[in-house]
Amino acid sequence: IEVDDFDLVVFGGTGDLAHRKLLPALYHRDLDGQLPAGARIIVTSRREFTHDEYQAWAEGALGEHVKDLEPAAVKRFLARLTYIAIDVAAEAGWADLGKILNARPNVIRAFYLAVAPDFFGTICDGIGRHNLVTSKTRVVIEKPIGKDGKSAQALNETIGKVFKEHQIFRIDHYLGKETVQNLMALRFANALFEPLWNAAHIDHVQITVAESLGVGGRAGYYDTAGALRDMVQNHILQLLCLVAMEPPESMNADSVRDEKLKVLKALAPITPELAEKHIVRGQYKAGASDGGAVPGYLDELGRDDSLTETFVAIKAQIANWRWAGVPFYLRTGKRLATRVSEIVVQFRPIPHSIFGPEAGVISANRLIIRLQPDEGVKMQVMIKDPGPGGMRLRQVPLDMSFADAFKVRNPDAYERLIMDVIRGNQTLFMRRDEVDAAWAWVDPILEIWAAAKDQPKAYTSGTWGPSASIALIERDGRTWAEDG
Ligand code: BG6
Numbered sequence: 006i007e008v009d010d011f012d013l014v015v016f017g018g019t020g021d022l023a024h025r026k027l028l029p030a031l032y033h034r035d036l037d038g039q040l041p042a043g044a045r046i047i048v049t050s051r052r053e054f055t056h057d058e059y060q061a062w063a064e065g066a067l068g069e070h071v072k073d074l075e076p077a078a079v080k081r082f083l084a085r086l087t088y089i090a091i092d093v094a095a096e097a098g099w100a101d102l103g104k105i106l107n108a109r110p111n112v113i114r115a116f117y118l119a120v121a122p123d124f125f126g127t128i129c130d131g132i133g134r135h136n137l138v139t140s141k142t143r144v145v146i147e148k149p150i151g152k153d154g155k156s157a158q159a160l161n162e163t164i165g166k167v168f169k170e171h172q173i174f175r176i177d178h179y180l181g182k183e184t185v186q187n188l189m190a191l192r193f194a195n196a197l198f199e200p201l202w203n204a205a206h207i208d209h210v211q212i213t214v215a216e217s218l219g220v221g222g223r224a225g226y227y228d229t230a231g232a233l234r235d236m237v238q239n240h241i242l243q244l245l246c247l248v249a250m251e252p253p254e255s256m257n258a259d260s261v262r263d264e265k266l267k268v269l270k271a272l273a274p275i276t277p278e279l280a281e282k283h284i285v286r287g288q289y290k291a292g293a294s295d296g297g298a299v300p301g302y303l304d305e306l307g308r309d310d311s312l313t314e315t316f317v318a319i320k321a322q323i324a325n326w327r328w329a330g331v332p333f334y335l336r337t338g339k340r341l342a343t344r345v346s347e348i349v350v351q352f353r354p355i356p357h358s359i360f361g362p363e364a365g366v367i368s369a370n371r372l373i374i375r376l377q378p379d380e381g382v383k384m385q386v387m388i389k390d391p392g393p394g395g396m397r398l399r400q401v402p403l404d405m406s407f408a409d410a411f412k413v414r415n416p417d418a419y420e421r422l423i424m425d426v427i428r429g430n431q432t433l434f435m436r437r438d439e440v441d442a443a444w445a446w447v448d449p450i451l452e453i454w455a456a457a458k459d460q461p462k463a464y465t466s467g468t469w470g471p472s473a474s475i476a477l478i479e480r481d482g483r484t485w486a487e488d489g
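For what it's worth, full-length UniProt numbering labels the leading residue of the sequence shown as 6, then goes sequentially.
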């Protein structure tokens, strides 16, 4: 379905995000017929590109990141792009932008701040000073939203001076992933799971976001962040919220976000004693990954004194009626054995077995929600081994691979999210109080680490992280489900 006419202004239009994600996502939406004739994309950055130079740059981005380009569609898409050089701190380019936008004051207007957070203030200020905010205007910001609760508040204040909360779209691209939305469908469009979705029937939950890549060229940024800020404060806590929240009353943005907020507030605070037992920090050293030898984090960074963690595993608890006593084991890291993101819901074992020893081990049911790669949902169940050989039991997956089931291209998260911005639907975007609540849980952990000043545990690239993270879950008589 076509969206209404819009002007999308991308600040940071020659940056990495525009290259890898935004332009390819917009191209796909155009290809699928979702962009109306009156959709314009105005791209800005400091670079002095001519119109033709930017067109060539954008075509290069599509060539690199889109499979099977259709030349006619590329041509139509490129015709939507207008490039303006703006030095956001100066005046010149703003007037040009104003002229273009004010030619159509009544269409939807979205500003996408695909720039480092240091520029958010200057850009919002420029947008305000040049009176570019209309009643149909929205602004999109990317993480990191602050480096702790205090800086996040300051950033939100700055943006709040120019935009109202209903105009602010804080992207967490994990919420746009197809399987993440499917988690809501699974929980709330099936009668099967919800009655079992609580401490009486669920033993524990695991959330793993493992990457095989290292930090590479991003070491400069990454060293100021680390895995806790880069992945846990946002993506992983958002996944945890979707698993743990109460059924919202509707898919309305505030209904969903109210429920997520309650989960964040119910997270049991991490004290120094708990941090000692329930958190493992790691940093990768040289090893083998993706079929070749790779350097360690400190070598990539070019320093040997960094305490930044590239891996973290946490045993989290949600202190409410539904989840009391059910651990949520979270872990994420760079340079791990493979790239896989999944949520594993481990049910409790059966209360009593009627089978004899010949039946073999009766494993508890496990629901596996795979975000990437090979998106899908798998339910591990016990069945009888076929044949006349007696009552032997076996665990098999009831398996739904989305690629096999639907045979359609899996759209990138940004495609969905950018269209939601245009439609004005905030359901999959973080509200300010959610960001605050997530930091409120993360801040004490950062403080404990800062006070301890201890070295993260080294792990070899291409493994599953420090052995202490395996011990963390095995102490509880459980294991990580890395093989699905
Ligand atoms: C980003 C992090 O938010 O998410 C990166 O800053 C990380 O460090 C990336 O690599 C992972 O996203 P995806 O979609 O590839 O799982």
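We treat Cβ as the ideally placed atom computed from N, Cα and C, and that holds for glycine. Computed from a prediction, not measured in an experiment: that's the story for all the values here.
Distance, residue j Cα to residue i Cα
i      : j      : result
Leu106 : Thr49  : 13 Å
Ile91  : Arg51  : 5 Å
Ala30  : Ala115 : 16 Å
Val386 : Ser368 : 8 Å
Arg399 : Ile359 : 15 Å
Gly165 : Phe352 : 43 Å
Val120 : Arg45  : 20 Å
Ala204 : Arg192 : 16 Å
His171 : Lys267 : 20 Å
His206 : Leu197 : 13 Å
Ser406 : Glu183 : 12 Å
Leu244 : Tyr179 : 8 Å
Glu58  : Val8   : 29 Å
Gly20  : Leu137 : 23 Å
beta-carbon residue i near the ligand BG6 non-hydrogen atom, thresh 7 Å
i      : result
Glu183 : no
Leu178 : Strictly speaking, residue 178 in this sequence is His, with Leu absent from that position. Flag set: Cβ of His178 near the ligand BG6.
His240 : yes
Gln400 : no
Met236 : yes
Glu420 : no
Lys26  : no
Lys152 : no
Gln243 : no
Gln186 : no
Gln377 : yes
Glu479 : no
Lys148 : yes
Glu347 : no
Glu216 : yes
Sequence-distant residues of its chain with Cβ nearer than 6 Å to residue i (five each side left out)
i           : result
Ile146      : Leu118, Arg175
Arg375      : Glu347, Gly381
Trp99       : Gly131, His135
Glu162      : none
Tyr334      : Gln211, Lys320, Ile478
Leu312      : none
residue 525 : No answer is possible for residue 525: the residues shown for the chain start at 6 and end at 489.
Tyr227      : Val220
Ile475      : none
Asp417      : Ala30
Leu102      : Ile89
Residue of the options minimising C-alpha distance to residue i
i      : options                        : result
Asp337 : Asn430, Asn257, Asp235         : Correcting the residue type first, residue 337 is Thr in the shown sequence and not Asp. Minimum Cα distance to Thr337 is reached at Asp235.
Met384 : Val440, Val350, Gly225, Gly365 : Val350
Lys270 : Ser255, Val285, Tyr289, Cys246 : Cys246
Arg436 : Asp459, Ser466, Asp263         : Asp263
Ile241 : Ile319, Pro41, Phe54           : Ile319
Lys26  : Gly181, Gln172, Gly394, Lys169 : Gly181
Ile173 : Gln186, Tyr227, Asn187, Lys148 : Lys148
Leu372 : Leu403, Ala463, Tyr59          : Leu403
Gly126 : Glu96, Ala159, Leu102, Ser140  : Ala159
Asp481 : Pro332, Ser472, Ala42, Ala408  : Pro332
Ile355 : Val447, Asn370, Ala23          : Asn370
Close-in-space but distant-in-sequence residues of the same chain around residue i (CB under 8 Å, 5 per side omitted)
i      : result
Leu451 : Asp153, Leu233, Arg234
Ala157 : Ile150, Gly151, Val440, Asp441, Trp444
Leu341 : Ala215, Glu216, Ser217, Phe316, Gly467, Thr468, Trp469, Gly470
Glu305 : Gly219, Val220, Gly221, Ala224
Same chain, Cβ closer than 7 Å to residue i, neighbours up to 5 away in sequence not counted
i      : result
Asp488 : With a pLDDT of only 48 at Asp488, under 50, the local geometry of the prediction cannot be trusted, and the value read off the model is given with reservation. Same-chain partners within the cutoff: there are none.
Arg109 : Asp12
Gly365 : Arg397, Leu398
Supposed contact pair residue j and residue i - C-beta distance, whole angstroms, cut 8 Å
i      : j      : result
Gly470 : Gly287 : 5 Å
Gln186 : Met424 : Not confirmed; about 13 Å, so no contact.
Asp35  : Ala77  : Contact flag wrong, Cβ pair sits at about 11 Å.
Thr213 : Val345 : 7 Å
Phe83  : Ala63  : It should be noted that the sequence gives Leu, not Phe, for residue 83. That belief holds up - the Cβ atoms of Leu83 and Ala63 are roughly 6 Å apart, short of 8 Å.
Glu363 : Gly395 : 6 Å
Phe124 : Val144 : So it is not a contact: roughly 13 Å between Cβ atoms.
Trp328 : Ala249 : 6 Å
Residue i beta carbon near the ligand PLP (any heavy atom closer than 7 Å)
i      : result
Ser311 : The ligand PLP is not part of the structure shown, which contains the ligand BG6 as its ligands.
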